[in-house]
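Structure record follows, encoded as structure tokens.
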Amino acid sequence: MITKAKSAVTTVKRPDPIPMTKAGLDKARVDYEALQIKREEVLIRLQAAREQGDLSENGAYTSAKFELASVDREMRRLGYLLKYGVVTTSTNNGVVGFGSTITLQKDKKTMTFMLVSGFESDPGAKKLSEQSPFGKAVLGRREGESVVVTAPAGETSWKIIKVT
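Take 94 as the starting number for the sequence shown in our numbering and just add one per residue.
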């Protein structure tokens, strides 16, 4: 008796789209292209170091190998962003959401930042993640509302004075 084997169909779930600002996605594209050029330069240095002979004592070879691994790792990260990143724009309806620029006030101190994804967050550039303590506190809130930011240093109260 001959029996047919049942074929198992495996479905691979595609990762969720990554919300990005247009500027963030453009920067990822530019950085990826720059890394492609840098990778070629590192490969040339690696080949030159390899031709020097004994690789066990060759610092230039070891350095180039580590740099190549670093460049490849960053290219994979950026490639993932370019593949799954989707430009998401702020609705600008007075409610804090992805891409909103928010100004908060506490006493006489004000703070302004843009709400972005974790992939784009850069506190130095005033871009905070939706998952950060400030991001979680303001997401979905409106201008004029008060929010409590819970951070490792404790809780602080802020007032949303502007949402754009």
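Cβ atoms here follow ideal geometry from the backbone N, Cα and C, with glycine treated the same way. As the structure is a computational prediction, the values presented were derived from the model and not from experiment.
Notebook entry, point to check: With C-beta atoms as the reference, is S193 less than 7 Å away from V240?
Noted result: no
Margin query: Count Cβ pairs between the region 144-161 and the region 195-206 that sit closer than 8 Å; are there 3 or more?
Written below: no
Next item on the list: Evaluate K115 with the Cβ neighbour count: other Cβ atoms within 10 Å of its Cβ, from every protein chain shown; 16 or more gives buried, anything less gives exposed.
Entry: exposed
Next item on the list: Leaving aside the five residues before and after Q145 along the sequence, list all residues of the same chain whose C-beta is less than 8 Å from its C-beta, in chain order.
Entry: N151, A153, Y154
Item checked: N- and C-terminal bounds of the beta strand (DSSP E) containing F159 -> Per DSSP, F159 belongs to no beta strand (DSSP E); it is in the alpha helix (DSSP H), 152-177.
Item checked: Three-state secondary structure assigned by DSSP to P216 -> helix
Checklist line | CA nearest to the CA of Y177, picked from P112, Q140, S214, Y125 | finding: P112
Item checked: Nearest-angstrom Cα separation, counted from R166 out to L139 -> 17 Å
Next item on the list: Select from E236, T243, V242 the residue whose C-alpha is nearest the C-alpha of I254.
Entry: E236
Notebook entry, point to check: Under a Cβ-count criterion, where at least 16 other Cβ atoms within 10 Å of its own Cβ denotes burial, should I137 be classed as buried or exposed?
Noted result: exposed
Notebook entry, point to check: Grouping DSSP H, G and I as helix and E and B as strand, with all else coil, what is R235?
Noted result: strand
Margin query: Threshold first: 3 residues or longer. Then list the beta strand (DSSP E) segments lying entirely within the region 101-148, N to C.
Written below: 111-113
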